[in-house]
Amino acid sequence: MTTKIEGGLPAKPVEAPVVADATQARASAATRDSAVSPTPPVDSLRLTGEAVGIKTMAKDMAQPSKLDMARIKEIRSAIDSGSYQINPQEIASRLLALERELLK
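According to our numbering, the stretch in the sequence shown is residues 1182 to 1285, in order.
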């Protein structure tokens, strides 16, 4: 596929404006030897409610969770023995509740 670009080049080259003389930008020896004071910050940041919530959630997720090892062992043994009952209605209800919570 070929695309033809039409239009000519500018009649004369574009000239860049002249910047101040480079010798003026150099610091004197006295200035180079003196300490530079920091510039006070001028930027500011304000977080929205969602951002604060996400920050809190990320902080909570970074901490190790507290697992109920006794309950985990109980469920594992029930699965191994075949006595663990799955309640599809309860699973569906909790998934819908989670979806509602996420949509808020």
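Glycine included, C-beta positions come from ideal geometry on N, C-alpha and C. Note that this is a predicted model, so its numbers are computed, not measured.
Over the uninterrupted alpha helix (DSSP H) stretch that includes residue i, give me the two end residues.
i, result
"Ser-1218", "Here Ser-1218 belongs to no alpha helix (DSSP H), and DSSP marks it neither H nor E."
"Ser-1258", "1250-1262"
"Gln-1270", "1269-1284"
"Lys-1236", "1230-1243"
Rounded C-beta distance between residue i and residue j? I'm assuming under 8 Å.
i, j, result
"Tyr-1265", "Ile-1256", "7 Å"
Nearest-angstrom Cα distance between residue i and residue j?
i, j, result
"Ala-1278", "Val-1223", "44 Å"
"Asp-1249", "Gln-1270", "24 Å"
"Val-1233", "Ser-1246", "21 Å"
"Ile-1235", "Glu-1280", "17 Å"
"Pro-1221", "Ala-1251", "56 Å"
"Ile-1267", "Arg-1227", "47 Å"
"Gly-1263", "Thr-1229", "49 Å"
Restricting to Cα atoms, I'd like to know which of the options is closest to residue i.
i, options, result
"Lys-1285", "Glu-1231, Ser-1225 and Ser-1274", "Glu-1231"
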